[in-house]
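Residues in the sequence shown are numbered from 247 upward in steps of one, following the working numbering.
Using N, Cα and C, we set each Cβ at its ideal position, and we do this for glycine too.
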Amino acid sequence: MAIGLGALVLAIAFHVLGARIAAGEGYGRILPAASGTLSVRPAQHVRRAQTAGWVLSTVGTVSIVDRYWDAEPLLGGGLAVVVLSAVNGLPSLVVAALRNAKRNRA
Numbered sequence: 247m248a249i250g251l252g253a254l255v256l257a258i259a260f261h262v263l264g265a266r267i268a269a270g271e272g273y274g275r276i277l278p279a280a281s282g283t284l285s286v287r288p289a290q291h292v293r294r295a296q297t298a299g300w301v302l303s304t305v306g307t308v309s310i311v312d313r314y315w316d317a318e319p320l321l322g323g324g325l326a327v328v329v330l331s332a333v334n335g336l337p338s339l340v341v342a343a344l345r346n347a348k349r350n351r352a
């Protein structure tokens with residue numbers, strides 16, 4: 247369980263890193279709510295960070311859900327969907343929302 251939680255924390259860190267790199271390359275443009283394509287060189291760094299985040303989130307989710315999968319498969323599946331959605335989706339949405347809110351105040 248501790249390895250799974252550690253992997254999820256690292257996954258969130260990689261997703262936030264990727265979103266911050268993408269936000270830094272916006273140069274005054276409003277960012278999309280989800281990850282969009284960027285035609286600049288740091289896009290490779292963003293993609294690498296997001297890939298590492300996806301791999302770590304999968305490892306973390308499997309190690310946490312494995313405990314529930316045998317006894318309650320529906321609970322395990324639902325928990326996997328919730329954890330993967332939160333870990334992979336929320337960091338990019340939060341960074342984009344904070345950046346866009348800061349841009350609107352300025």
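Could you give the DSSP three-state label for residue i: helix, strand or coil?
i: residue 332; result: helix
i: residue 312; result: helix
i: residue 326; result: helix
i: residue 317; result: coil
Which residues mark the beginning and the end of the alpha helix (DSSP H) in which residue i is found?
i: residue 259; result: 248–270
Give the straight-line distance between the Cα atoms of residue i and residue j, rounded to the nearest whole angstrom.
i: residue 308; j: residue 270; result: 32 angstroms
i: residue 266; j: residue 256; result: 15 angstroms
i: residue 261; j: residue 322; result: 24 angstroms
i: residue 248; j: residue 264; result: 24 angstroms
i: residue 305; j: residue 334; result: 13 angstroms
i: residue 332; j: residue 258; result: 9 angstroms
i: residue 294; j: residue 268; result: 12 angstroms
Inter-stretch contact at 8 angstroms, needing at least 3 Cβ pairs: the region 339–348 / the region 296–303: Judged by Cβ distances under 8 angstroms, the region 339–348 makes no contact with the region 296–303, as fewer than three pairs qualify.
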